[in-house]
Structures are given as structure tokens and as C-alpha cells.
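In this note's numbering, the protein residues as written are 61 to 293.
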């Protein structure tokens with residue numbers, strides 16, 4: 061079964077300094093039909109105005125991934141990390157027993173555009189942790205590049221969750237088909253461009269929720285960037 065959710069059907073919040081699209085219920089957006097998918101809890105597409113950002117706030121027992129699309133995200137946390145996250149980097153923060161952090165856009169005249177992703181952990185009460193790695197575009201062209209996994213396979217960031225996250229760039233004749241494991245869920249999030257997902261046309265902000273399908277096929281890309289989540293059922 062494949063269900064398409066269009067970009068315009070997401071929740072939306074305009075805070076002036078922040079414009080945010082919510083794929084699942086978050087903060088003031090509540091939709092009982094979209095509380096998450098498998099152990100994927102949050103995908104927020106955020107745009108932070110220059111000179112603004114999220115002040116210091118706390119998280120616990122959640123795996124949080126930041127995926128920057130344009131601009132740069134400045135991160136500071138209670139573990140002592142002070143980092144800049146540019147496009148192409150994947151940042152993982154394990155909140156564990158509790159962490160405080162802030163995220164800012166310090167660039168003048170440039171909006172920071174990024175995805176904030178939360179995945180429910182399969183272990184709670186761990187010490188907080190941080191990891192950040194760069195994945196070049198060349199590693200993602202025409203393939204699904206593993207960028208986050210429970211075991212840090214293939215140089216991916218390690219998450220404490222039964223989930224794997226892949227990133228891919230597709231253009232023209234680029235195509236991939238991968239078998240899907242029975243009993244698991246697959247979530248496809250279109251970052252930008254256009255792409256056929258199991259024959260269905262998706263464009264930026266759209267998603268495909270997949271269960272009980274034998275395979276995932278991606279083809280007919282037009283400047284397409286896509287995230288694919290392999291999730292616990």
C-alpha cells in the first residue's frame with residue numbers, strides 16, 4: 061500500500077522569524093491522522109530568517125537529525141558542542157537523559173533552510189551524544205546513500221533507533237529499485253524537485269507512506285533530492 065501526502069496538506073506555522081511546515085502533529089498543529097509513521101515522529105521543514113533562531117531549549121529521549129538544505133545552521137549545546145552545519149552535513153543529537161541546545165542563523169541576508177527530524181529511540185535514559193558528518197553530492201547521485209543507521213554502517217551517523225535514513229539525488233535516467241523488508245514501513249520525503257516513486261509523481265514537500273510493498277523504485281528525476289526512511293513497523 062502506498063499513500064501520497066501532498067506538500068500543501070502539511071501543517072504550517074508562520075512565526076515571522078520562522079516559517080515551518082509540519083509533516084506530523086507538532087506544537088500548535090494537531091492532526092490525529094498524522095501523529096507519526098512507525099517510529100518517525102517529526103519532519104519539520106524550517107526556514108529561519110537572518111539573525112534569528114531557536115533560543116536555548118531542552119530535549120530528552122529522542123534521536124534528532126538536522127539536514128541543512130541552504131544557508132548554515134549554528135548549533136550550541138550543553139555537551140559543549142559549538143558547530144556550524146552547512147548543506148551536505150547530517151547532524152545527529154541523541155537527547156538521552158536530557159540536553160539543552162540552541163540553533164541560529166547568523167548569516168546576514170541569507171535564510172537558513174533545513175529539515176528537523178525526530179525519531180523515537182529504542183533505548184531510553186542514555187547519556188546525551190552528538191555526531192556530524194559530511195556527505196558529498198557525488199556520493200548521492202543516482203543512488204540511495206545511507207546517512208544514518210543503528211550501527212553507523214558505511215560511514216553513516218549512528219542513531220539509537222530501529223531506523224535507517226538514506227539520501228539520494230536523481231536526474232533524468234537515474235533510477236534505483238530496492239527490495240523492502242516485510243513488516244517494516246518506508247517513508248519517502250521529497251526534499252526538492254520531482255521524482256516518480258513506485259510510478260507515482262512526487263514533487264518538493266510531498267511524501268509517500270509505504271507498507272506491504274515488495275520494492276521501492278525511484279525514477280524520472282528532475283533536480284530531485286529525496287530522503288528515504290526504513291522504519292520499525
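Glycine included, each C-beta is placed from N, C-alpha and C at the ideal position.
Limits of the unbroken beta strand (DSSP E) element including residue i
i	result
residue 171	Looking at the DSSP string, residue 171 is not in any beta strand (DSSP E), and its letter there is neither H nor E.
residue 72	71-74
residue 113	112-119
residue 249	245-257
C-alpha distance - residue i paired with residue j, whole-angstrom precision
i	j	result
residue 204	residue 118	32 Å
residue 82	residue 115	20 Å
residue 127	residue 150	5 Å
residue 212	residue 73	34 Å
residue 165	residue 175	14 Å
residue 153	residue 137	10 Å
Residue j beta carbon less than 8 Å from that of residue i
i	j	result
residue 277	residue 237	yes
residue 131	residue 170	yes
residue 266	residue 66	yes
residue 210	residue 222	yes
residue 190	residue 258	no
residue 270	residue 245	yes
residue 289	residue 100	yes
residue 95	residue 180	no
residue 207	residue 229	no
residue 215	residue 193	yes
Counterpart residues of residue i in DSSP-defined beta bridges
i	result
residue 191	152
residue 137	161
residue 230	284
residue 277	237
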